[in-house]
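Colleague:
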Amino acid sequence: MISSTESADLFSHGVIPLERLPITDDLVKDYVVIHYKDRFRAFRRFHTEMTTLAYKHLNGTITEIEVYVPLHIPDFIRQYRIGKFLECGTRKVNGRNMFIEVIPRKIPLSLVEDMAKFRDIIWDYQITAFLFFGTLLGWRRECSIIRHTTDVDFAAFSEEYTPKLLEDMTQGNLGDTFRPYFLASSPTNVAIEIKMSVPRGTSMDLFMVFSNRTTNLSDVYGVRSQNPVRFRFPLVSADNLCAGDLLNRLMYVPCNVDKLLEASYGEDWDVDKPNHIWFTDRNAKTLYKHNPSYFRVVERRISVDF
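Pasting the structure below:
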(Lines of atoms letter the chains of each structure in order from A; the text may use other names.)
(Lines give C-alpha, C1' and ligand atoms only; values in the text may rest on other atoms or scores of the structure.)
Protein backbone atom coordinates (compact mmCIF):
# COMPACT_ATOMS: atom_id res chain seq x y z
CA MET A 36 0.00 0.00 0.00
CA ILE A 37 1.24 3.50 -0.89
CA SER A 38 0.25 6.38 1.38
CA SER A 39 -0.48 9.91 0.19
CA THR A 40 2.80 11.13 1.66
CA GLU A 41 4.66 8.71 -0.59
CA SER A 42 2.63 9.30 -3.70
CA ALA A 43 4.47 12.48 -4.64
CA ASP A 44 7.33 10.35 -5.91
CA LEU A 45 5.68 7.15 -7.06
CA PHE A 46 7.78 7.28 -10.18
CA SER A 47 11.04 6.68 -8.31
CA HIS A 48 9.43 3.66 -6.62
CA GLY A 49 8.78 2.03 -9.98
CA VAL A 50 5.12 3.05 -10.33
CA ILE A 51 4.45 4.63 -13.72
CA PRO A 52 1.11 6.32 -14.39
CA LEU A 53 1.92 6.20 -18.11
CA GLU A 54 -1.46 7.43 -19.20
CA ARG A 55 -0.64 10.77 -17.57
CA LEU A 56 3.06 11.13 -18.35
CA PRO A 57 4.45 12.70 -21.53
CA ILE A 58 6.85 10.24 -23.12
CA THR A 59 9.32 10.98 -25.91
CA ASP A 60 9.62 7.77 -27.89
CA ASP A 61 11.65 7.81 -31.10
CA LEU A 62 11.89 4.31 -32.54
CA VAL A 63 15.30 5.12 -34.02
CA LYS A 64 16.67 5.39 -30.49
CA ASP A 65 17.18 2.56 -28.01
CA TYR A 66 15.67 4.52 -25.13
CA VAL A 67 12.69 6.63 -24.13
CA VAL A 68 12.56 9.88 -22.18
CA ILE A 69 9.80 10.18 -19.59
CA HIS A 70 8.76 13.66 -18.49
CA TYR A 71 7.79 13.71 -14.82
CA LYS A 72 7.16 17.03 -13.08
CA ASP A 73 10.29 19.05 -13.87
CA ARG A 74 12.36 15.96 -14.60
CA PHE A 75 13.43 14.34 -17.82
CA ARG A 76 14.57 10.78 -17.23
CA ALA A 77 15.96 8.46 -19.89
CA PHE A 78 15.43 4.70 -19.77
CA ARG A 79 16.47 1.89 -22.02
CA ARG A 80 13.32 0.32 -23.40
CA PHE A 81 11.53 -1.87 -20.87
CA HIS A 82 8.41 -4.00 -20.57
CA THR A 83 5.54 -3.11 -18.26
CA GLU A 84 2.51 -4.81 -16.78
CA MET A 85 -0.73 -3.51 -15.33
CA THR A 86 -1.33 -3.93 -11.62
CA THR A 87 -3.74 -2.64 -8.98
CA LEU A 88 -2.39 -0.33 -6.30
CA ALA A 89 -4.11 0.41 -2.99
CA TYR A 90 -3.81 4.14 -2.33
CA LYS A 91 -4.42 5.44 1.20
CA HIS A 92 -5.64 9.05 1.47
CA LEU A 93 -4.94 11.38 4.39
CA ASN A 94 -8.50 10.87 5.67
CA GLY A 95 -7.89 7.13 5.87
CA THR A 96 -9.97 6.11 2.89
CA ILE A 97 -8.46 3.69 0.42
CA THR A 98 -8.75 3.88 -3.34
CA GLU A 99 -7.63 1.19 -5.73
CA ILE A 100 -6.02 2.47 -8.91
CA GLU A 101 -4.63 0.65 -11.90
CA VAL A 102 -1.07 1.56 -12.79
CA TYR A 103 1.69 0.29 -15.01
CA VAL A 104 4.82 -1.04 -13.37
CA PRO A 105 8.02 -2.36 -14.96
CA LEU A 106 8.49 -6.10 -15.04
CA HIS A 107 11.87 -5.59 -13.38
CA ILE A 108 11.35 -2.87 -10.80
CA PRO A 109 14.87 -2.94 -9.22
CA ASP A 110 16.41 -2.43 -12.65
CA PHE A 111 13.99 0.41 -13.39
CA ILE A 112 14.81 2.17 -10.12
CA ARG A 113 18.52 1.78 -10.82
CA GLN A 114 18.03 3.46 -14.20
CA TYR A 115 15.85 6.16 -12.66
CA ARG A 116 18.60 7.19 -10.26
CA ILE A 117 21.09 7.83 -13.06
CA GLY A 118 18.63 8.75 -15.79
CA LYS A 119 18.60 12.55 -15.58
CA PHE A 120 18.86 13.52 -19.22
CA LEU A 121 21.62 15.88 -20.35
CA GLU A 122 21.88 17.42 -23.78
CA CYS A 123 25.15 17.20 -25.66
CA GLY A 124 26.79 19.79 -27.88
CA THR A 125 25.48 22.86 -26.07
CA ARG A 126 28.80 24.65 -26.54
CA LYS A 127 29.85 25.65 -30.03
CA VAL A 128 32.82 23.72 -31.40
CA ASN A 129 35.69 26.06 -32.17
CA GLY A 130 38.90 25.52 -34.08
CA ARG A 131 37.21 23.89 -37.06
CA ASN A 132 38.73 24.20 -40.49
CA MET A 133 38.41 22.46 -43.83
CA PHE A 134 41.32 20.13 -43.14
CA ILE A 135 39.80 18.82 -39.92
CA GLU A 136 36.43 18.26 -41.56
CA VAL A 137 37.82 16.16 -44.41
CA ILE A 138 40.37 14.02 -42.58
CA PRO A 139 39.40 10.33 -42.63
CA ARG A 140 37.35 9.12 -39.68
CA LYS A 141 39.42 6.63 -37.70
CA ILE A 142 36.51 5.01 -35.89
CA PRO A 143 33.30 4.16 -37.75
CA LEU A 144 30.21 5.66 -36.20
CA SER A 145 28.67 2.19 -36.28
CA LEU A 146 30.93 1.40 -33.31
CA VAL A 147 28.22 2.94 -31.14
CA GLU A 148 26.35 -0.36 -31.53
CA ASP A 149 29.23 -2.19 -29.83
CA MET A 150 29.33 0.52 -27.17
CA ALA A 151 25.65 -0.01 -26.40
CA LYS A 152 26.18 -3.76 -26.28
CA PHE A 153 29.06 -3.34 -23.82
CA ARG A 154 26.91 -0.98 -21.72
CA ASP A 155 24.27 -3.71 -21.43
CA ILE A 156 26.71 -6.55 -20.77
CA ILE A 157 28.44 -5.03 -17.78
CA TRP A 158 25.14 -3.62 -16.51
CA ASP A 159 24.22 -7.22 -15.76
CA TYR A 160 27.34 -7.41 -13.54
CA GLN A 161 25.96 -4.45 -11.56
CA ILE A 162 28.58 -2.21 -13.19
CA THR A 163 27.59 1.07 -14.80
CA ALA A 164 29.82 2.08 -17.70
CA PHE A 165 29.97 5.79 -18.48
CA LEU A 166 31.81 7.80 -21.10
CA PHE A 167 35.20 9.18 -20.14
CA PHE A 168 38.30 10.93 -21.49
CA GLY A 169 38.15 11.64 -25.24
CA THR A 170 34.87 9.81 -25.75
CA LEU A 171 33.21 12.01 -23.15
CA LEU A 172 34.73 15.04 -24.87
CA GLY A 173 33.34 13.95 -28.24
CA TRP A 174 29.87 13.45 -26.79
CA ARG A 175 29.80 16.77 -24.97
CA ARG A 176 31.37 18.85 -27.71
CA GLU A 177 30.12 17.25 -30.91
CA CYS A 178 27.36 14.78 -29.97
CA SER A 179 29.49 12.23 -31.76
CA ILE A 180 32.78 10.34 -31.77
CA ILE A 181 35.71 12.65 -32.48
CA ARG A 182 36.82 12.14 -36.06
CA HIS A 183 40.52 11.73 -35.32
CA THR A 184 40.28 9.68 -32.12
CA THR A 185 41.57 6.11 -32.25
CA ASP A 186 39.78 4.33 -29.41
CA VAL A 187 36.77 4.47 -27.11
CA ASP A 188 37.00 5.23 -23.40
CA PHE A 189 34.59 4.03 -20.74
CA ALA A 190 34.93 4.29 -16.98
CA ALA A 191 33.29 2.56 -14.04
CA PHE A 192 33.57 2.81 -10.27
CA SER A 193 36.20 0.66 -8.60
CA GLU A 194 33.77 -0.49 -5.90
CA GLU A 195 31.54 -2.00 -8.58
CA TYR A 196 34.31 -4.02 -10.20
CA THR A 197 34.15 -7.80 -9.97
CA PRO A 198 36.89 -10.15 -11.23
CA LYS A 199 34.08 -12.25 -12.68
CA LEU A 200 33.74 -9.75 -15.52
CA LEU A 201 37.33 -10.14 -16.66
CA GLU A 202 37.18 -13.90 -16.15
CA ASP A 203 34.13 -14.22 -18.38
CA MET A 204 35.62 -11.91 -21.00
CA THR A 205 38.90 -13.83 -21.06
CA GLN A 206 37.15 -17.18 -21.36
CA GLY A 207 34.96 -15.93 -24.18
CA ASN A 208 31.76 -16.27 -22.19
CA LEU A 209 30.63 -12.89 -23.48
CA GLY A 210 31.11 -13.84 -27.12
CA ASP A 211 33.73 -12.64 -29.56
CA THR A 212 32.85 -8.95 -29.52
CA PHE A 213 34.95 -7.92 -26.52
CA ARG A 214 38.32 -9.63 -26.11
CA PRO A 215 40.66 -8.21 -23.45
CA TYR A 216 44.28 -7.96 -24.55
CA PHE A 217 45.73 -5.72 -21.84
CA LEU A 218 45.12 -5.44 -18.12
CA ALA A 219 46.64 -3.09 -15.61
CA SER A 220 45.73 -3.98 -12.05
CA SER A 221 46.55 -2.90 -8.53
CA PRO A 222 48.35 -5.22 -6.08
CA THR A 223 44.94 -5.92 -4.52
CA ASN A 224 43.83 -7.33 -7.88
CA VAL A 225 41.48 -4.48 -8.70
CA ALA A 226 41.60 -3.72 -12.40
CA ILE A 227 42.52 -0.13 -13.17
CA GLU A 228 42.50 -0.37 -16.97
CA ILE A 229 41.20 -3.05 -19.30
CA LYS A 230 41.82 -2.81 -23.02
CA MET A 231 39.55 -4.77 -25.35
CA SER A 232 39.62 -5.36 -29.07
CA VAL A 233 36.32 -5.07 -30.93
CA PRO A 234 35.45 -6.42 -34.39
CA ARG A 235 34.96 -3.00 -35.95
CA GLY A 236 38.70 -2.45 -35.97
CA THR A 237 39.50 -0.45 -32.87
CA SER A 238 40.03 -0.84 -29.15
CA MET A 239 37.84 -0.02 -26.19
CA ASP A 240 39.20 0.93 -22.77
CA LEU A 241 37.52 0.52 -19.41
CA PHE A 242 39.08 2.58 -16.61
CA MET A 243 38.27 2.33 -12.92
CA VAL A 244 37.44 5.48 -10.98
CA PHE A 245 38.59 5.67 -7.35
CA SER A 246 36.52 8.33 -5.59
CA ASN A 247 37.24 9.98 -2.25
CA ARG A 248 34.38 11.92 -0.69
CA THR A 249 36.69 13.31 1.99
CA THR A 250 38.83 15.15 -0.55
CA ASN A 251 36.04 15.49 -3.15
CA LEU A 252 38.44 14.12 -5.74
CA SER A 253 38.51 11.10 -8.00
CA ASP A 254 41.59 9.33 -9.35
CA VAL A 255 41.85 7.35 -12.56
CA TYR A 256 44.95 5.33 -13.43
CA GLY A 257 46.29 4.26 -16.78
CA VAL A 258 49.49 2.88 -18.23
CA ARG A 259 51.33 4.37 -21.19
CA SER A 260 54.88 3.69 -22.38
CA GLN A 261 55.24 1.34 -19.41
CA ASN A 262 54.65 4.15 -16.96
CA PRO A 263 51.63 4.33 -14.64
CA VAL A 264 49.84 7.66 -14.94
CA ARG A 265 47.36 9.09 -12.46
CA PHE A 266 44.60 11.49 -13.49
CA ARG A 267 42.92 13.56 -10.81
CA PHE A 268 39.42 14.91 -11.31
CA PRO A 269 36.70 16.68 -9.36
CA LEU A 270 34.61 14.07 -7.57
CA VAL A 271 32.81 11.58 -9.79
CA SER A 272 30.30 9.55 -7.82
CA ALA A 273 27.70 6.88 -8.50
CA ASP A 274 24.93 9.19 -7.29
CA ASN A 275 25.96 11.89 -9.76
CA LEU A 276 25.66 10.10 -13.08
CA CYS A 277 23.36 11.31 -15.83
CA ALA A 278 22.19 9.99 -19.20
CA GLY A 279 22.76 11.33 -22.69
CA ASP A 280 22.29 10.49 -26.35
CA LEU A 281 25.23 9.35 -28.46
CA LEU A 282 24.20 8.68 -32.04
CA ASN A 283 20.73 7.49 -30.95
CA ARG A 284 22.06 5.24 -28.21
CA LEU A 285 21.72 5.87 -24.49
CA MET A 286 25.03 6.44 -22.74
CA TYR A 287 25.79 7.42 -19.17
CA VAL A 288 27.98 10.41 -18.38
CA PRO A 289 29.14 12.22 -15.24
CA CYS A 290 26.67 14.99 -14.44
CA ASN A 291 29.60 17.38 -13.80
CA VAL A 292 30.96 16.70 -17.28
CA ASP A 293 32.14 20.27 -17.95
CA LYS A 294 34.26 20.34 -14.79
CA LEU A 295 35.91 17.05 -15.74
CA LEU A 296 36.67 18.23 -19.26
CA GLU A 297 38.14 21.46 -17.96
CA ALA A 298 40.34 19.49 -15.55
CA SER A 299 41.75 17.49 -18.47
CA TYR A 300 41.74 19.89 -21.39
CA GLY A 301 41.53 23.36 -19.87
CA GLU A 302 38.90 26.02 -20.35
CA ASP A 303 39.26 25.75 -24.13
CA TRP A 304 38.11 22.14 -24.29
CA ASP A 305 35.66 23.20 -26.99
CA VAL A 306 38.59 23.83 -29.36
CA ASP A 307 39.29 20.84 -31.59
CA LYS A 308 42.94 19.75 -31.37
CA PRO A 309 43.64 16.80 -33.67
CA ASN A 310 47.18 16.44 -32.32
CA HIS A 311 46.09 16.20 -28.68
CA ILE A 312 47.96 13.53 -26.71
CA TRP A 313 45.99 12.39 -23.72
CA PHE A 314 48.87 11.74 -21.33
CA THR A 315 49.89 15.41 -21.55
CA ASP A 316 46.61 16.41 -19.91
CA ARG A 317 47.22 18.92 -17.20
CA ASN A 318 45.66 16.73 -14.52
CA ALA A 319 47.99 13.80 -15.29
CA LYS A 320 50.94 12.75 -13.17
CA THR A 321 53.46 10.04 -14.04
CA LEU A 322 53.86 8.11 -10.81
CA TYR A 323 57.29 6.66 -11.54
CA LYS A 324 59.49 5.64 -14.41
CA HIS A 325 59.73 2.04 -15.54
CA ASN A 326 61.21 -0.06 -12.76
CA PRO A 327 61.03 -3.87 -12.59
CA SER A 328 60.49 -3.73 -8.83
CA TYR A 329 57.26 -1.78 -9.31
CA PHE A 330 56.19 -2.76 -12.76
CA ARG A 331 56.04 -6.14 -14.42
CA VAL A 332 54.42 -7.72 -17.42
CA VAL A 333 53.08 -11.25 -17.06
CA GLU A 334 50.99 -12.87 -19.78
CA ARG A 335 49.84 -9.50 -21.03
CA ARG A 336 48.70 -8.63 -17.54
CA ILE A 337 50.38 -5.61 -16.00
CA SER A 338 50.51 -5.06 -12.26
CA VAL A 339 51.31 -1.61 -10.94
CA ASP A 340 51.81 -0.42 -7.38
CA PHE A 341 50.21 2.87 -6.42
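Using this note's numbering, the first residue of the sequence shown is number 36, and each one after it goes up by one.
Ideal Cβ placement from N, Cα and C applies to all residues, glycine included.
If contacts are defined as beta-carbon pairs under 8 Å, then residue 245 and residue 193 qualify, I think. What distance do you get, rounded to the angstrom?
Modeller: 5 Å
Colleague: Quick one: using the 10 Å Cβ neighbour count with 16 as the cut-off for buried, is residue 89 buried or exposed?
Modeller: exposed
Colleague: Can the beta-carbon of residue 165 be found closer than 8 Å to that of residue 287?
Modeller: yes
Colleague: Rounded to whole angstroms, what's the CA-CA distance from residue 190 to residue 230? Just pull it up for me.
Modeller: Residue 190 and residue 230 have their C-alpha atoms roughly 12 Å apart.
Colleague: Take residue 196 and list the residues in its own chain whose beta-carbon comes closer than 8 Å to its own, dropping the five residues that flank it on each side.
Modeller: 162, 225, 226 and 243
Colleague: Given 8 Å as the limit, is there contact between the stretch 111-121 and the stretch 62-82, that is, 3 or more CB pairs closer than that?
Modeller: yes
Colleague: How about the stretch 141-154 and the stretch 95-113: do they share at least three Cβ pairs that are nearer than 8 Å?
Modeller: Because the criterion of three Cβ pairs below 8 Å is not met, the stretch 141-154 and the stretch 95-113 do not touch.
Colleague: Below 7 Å CB to CB, which residues in the same chain sit around residue 215 once its five sequence neighbours on both sides are set aside?
Modeller: 201, 204, 205, 229, 230 and 231
Colleague: Could you tell me the distance, in whole angstroms, from the CA atom of residue 236 to the CA atom of residue 289?
Modeller: 27 Å
Colleague: Looking only at its chain, what residues have a beta carbon closer than 6 Å to the beta carbon of residue 82, apart from the 5 residues adjacent to it on each side?
Modeller: Same-chain partners within the cutoff: 106.
Colleague: Per DSSP, which residues does residue 76 bridge with? Please list them.
Modeller: 69 and 119
Colleague: Under DSSP, the alpha helix (DSSP H) around residue 214 begins and ends at which residues?
Modeller: Where residue 214 is concerned, there is no enclosing alpha helix (DSSP H), although the beta strand (DSSP E) around it starts and stops at 214-220.
Colleague: Just the C-alpha distance for residue 73 and residue 211, rounded to the nearest angstrom, thanks.
Modeller: 42 Å
Colleague: Could you work out which residue in 295, 282 and 249 is closest to residue 178 when comparing CA atoms only?
Modeller: 282
Colleague: What do you get for residue 239, buried or exposed, if any count of 16 or more other CB atoms within 10 angstroms of its CB means buried?
Modeller: So residue 239 ends up on the buried side.
Colleague: Going by C-alpha to C-alpha distance, which of 278, 271 and 219 sits closest to residue 256?
Modeller: 219
Colleague: Does residue 169 pass the burial test, meaning 16 or more other C-beta atoms within 10 Å, or should it be called exposed?
Modeller: buried
Colleague: So what does residue 207 bridge to, in DSSP terms?
Modeller: Residue 207 pairs with nothing; no bridge assigned.
Colleague: Could you check if residue 249 is buried or exposed, using at least 16 other CB atoms within 10 Å of its CB as the buried criterion?
Modeller: exposed
Colleague: Whose C-beta lies closer than 8 Å to the C-beta of residue 297 among residues of the same chain, with five residues either side of it excluded?
Modeller: 304
Colleague: For the beta strand (DSSP E) that contains residue 88, what are its first and last residues?
Modeller: Unbroken beta strand (DSSP E) run through residue 88: 83-91.
Colleague: Buried or exposed for residue 140, please, with buried defined as at least 16 other CB atoms from any protein chain shown within 10 angstroms of its CB.
Modeller: exposed
Colleague: Out of 156, 142, 98 and 85, point me to the one whose CA is closest to residue 241's CA.
Modeller: 156
Colleague: Would you say residue 172 and residue 300 are within 8 Å of each other, going by their C-beta atoms?
Modeller: yes
Colleague: Assign residue 95 to buried or exposed, taking buried as 16 or more other Cβ atoms, counted over all protein chains shown, within 10 Å of its Cβ.
Modeller: exposed
Colleague: Would you report the Cα separation of residue 143 and residue 279, rounded to the nearest angstrom?
Modeller: 20 Å
Colleague: Which residues mark the beginning and the end of the beta strand (DSSP E) in which residue 100 is found?
Modeller: 97-105
Colleague: Just curious, the alpha helix (DSSP H) that residue 298 is in, first and last residue?
Modeller: Its alpha helix (DSSP H) spans residues 292-300.
Colleague: Can you check which of these residues, 86, 160 and 183, is closest to residue 108 by C-alpha distance?
Modeller: 86
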